[in-house]
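First comes the structure, then the notes that go with it.
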Amino acid sequence: MNIHIEHVDMKRNEDEHFVGHTVFGIEGYKDTFEITFFSKRGKEWDYSLNFHKESGSEEELFRLDQLLEEDDDIYNQLLDAAIDSQELSSTDESEISE
248 MNIHIEHVDM KRNEDEHFVG HTVFGIEGYK DTFEITFFSK RGKEWDYSLN
298 FHKESGSEEE LFRLDQLLEE DDDIYNQLLD AAIDSQELSS TDESEISE
């Protein structure tokens, strides 16, 4: 399944927690999505999946969410893209992991 990543970022918020975003399109889906990642220490990650620009088919969003729950490779590809985008000038790379 082909994934087209359009934009990624990862930063620390005011509480020093990691917050990252990956905007992407995926083969078989007509909409563009944004997944937001959150982690207190960069070890265990929570996520939220949304349409990127405008609302689309809720059924498609639920189908993609199910895919992310079942396919670790796709989930990790999106998470890794966000992690890799972070400028690690003040953070040790070993501090962030899947």
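Just so we're aligned, residue 248 is where the sequence shown starts under this note's numbering, counting upward by one. We put the beta carbon where it would ideally sit given N, CA and C, even for glycine. Predicted model only: the values in this text are computed from it and were never measured.
Counting the other Cβ atoms within 10 Å of the Cβ of residue 275 gives fewer than 16, which makes it exposed. In the DSSP assignment, residue 259 falls within the unbroken beta strand (DSSP E) covering 250–259. Closest in C-alpha terms to residue 324, from the list 258, 269, 305 and 296, comes 269. Setting aside the 5 residues that flank it on each side, residue 329 is surrounded in the same chain by 255, 257, 267, 269 and 284, each with a C-beta closer than 6 Å to its C-beta; the list follows chain order. Taking a 10 Å sphere around the C-beta of residue 286, we find 16 or more other C-beta atoms and assign the residue as buried.
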